[in-house]
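Undergrad:
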Amino acid sequence: MARPRRLAFVHPLFVYLCMQISSLVPNGTPMAPGQILARGVSRHLGHLGMASLEEFVPTRGLRVDVIALGPKGEIWVIECKSSRVDFQSDSKWQGYLDWCDRFFWAVDGDFPTELLPDDTGLIIADGYDAEVQRMPDEVKLAAARRKKIIQKFATDAARRLHRLRDPRAGQGF
1 MARPRRLAFV HPLFVYLCMQ ISSLVPNGTP MAPGQILARG VSRHLGHLGM
51 ASLEEFVPTR GLRVDVIALG PKGEIWVIEC KSSRVDFQSD SKWQGYLDWC
101 DRFFWAVDGD FPTELLPDDT GLIIADGYDA EVQRMPDEVK LAAARRKKII
151 QKFATDAARR LHRLRDPRAG QGF
C-alpha cells in the first residue's frame, strides 16, 4: 500500500486567501483599517495581561476604539488611526482622557507620528500584534469613576459573550 504524498509547499494563493479570511469580521464583511489595528492592539494587550473590549462607550456621546483593563485595575484607552485624515477628523479624543488612566494612539508603521501629541501614548500596530513605543504619564481616575467603568466593562463583556453563544437570544442588549 502506497503512502500518501505530503505537500512539499503551500500554494501562494492558499496563503493569500487565508490572510484575506482572517481579515473578516464574523459576519463575513471585510474589516476596516481601524478594526484591523484594534485586533493587533487587543492581541498585544492580552500578552500584557490586560483584558480589552473594542468599540466601548464609556458615556453617552463617546465611543473608544479599544479600552483595556489591567490586572491592577488600571484602565487604558486606545484610539486607532489609519491615516492622517482619520486623525485630523477626530475632534472627540480629548474627551476620552477623563475615562482612563493612560491614553494611547495606535497607528501603523507608515503613519506620520509627528502629528500625535507628545504627552499621549503611542502604539505601532498591524493586524497581528502591536508594540508600545511611548508610554504616557499615568493620571489616576477617581475611585467612583473607576468603579463605574469597571462595572460597565464587565457588563458589556458579558453581554457580548452571551450574544456570541446565543445569537438568537433577546435583542435587548
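Going by full-length UniProt numbering, the sequence shown opens with residue 1, and the numbers climb by one from there.
Yeah, the Cβ is synthetic: ideal placement off N, Cα and C, and Gly gets one too.
Put VAL66 into one of helix, strand or coil per three-state DSSP.
TA: Secondary structure at VAL66: strand, using DSSP grouped into helix, strand and coil.
Undergrad: So if DSSP puts PRO167 in a beta bridge, which residue, or which two residues, is it bridged to?
TA: Beta-bridge pairing links PRO167 to no other residue.
Undergrad: Within this structure, are the beta carbons of ASP110 and HIS44 separated by less than 8 Å?
TA: no
Undergrad: For LEU69 versus ILE150, is the C-beta spacing smaller than 8 Å?
TA: Their beta carbons are under 8 Å apart, which means LEU69 touches ILE150 by this criterion.
Undergrad: Name the DSSP bridge partner or partners of TRP105?
TA: GLU79, LEU122
Undergrad: From SER36 to LEU116, what does the alpha carbon distance come to, in whole angstroms?
TA: A small correction: the amino acid at residue 36 is Ile; Ser does not occupy that position in the sequence shown. Spanning the two alpha carbons is a distance of roughly 20 Å.
Undergrad: So what's ARG134 in DSSP terms, helix, strand or just coil?
TA: strand
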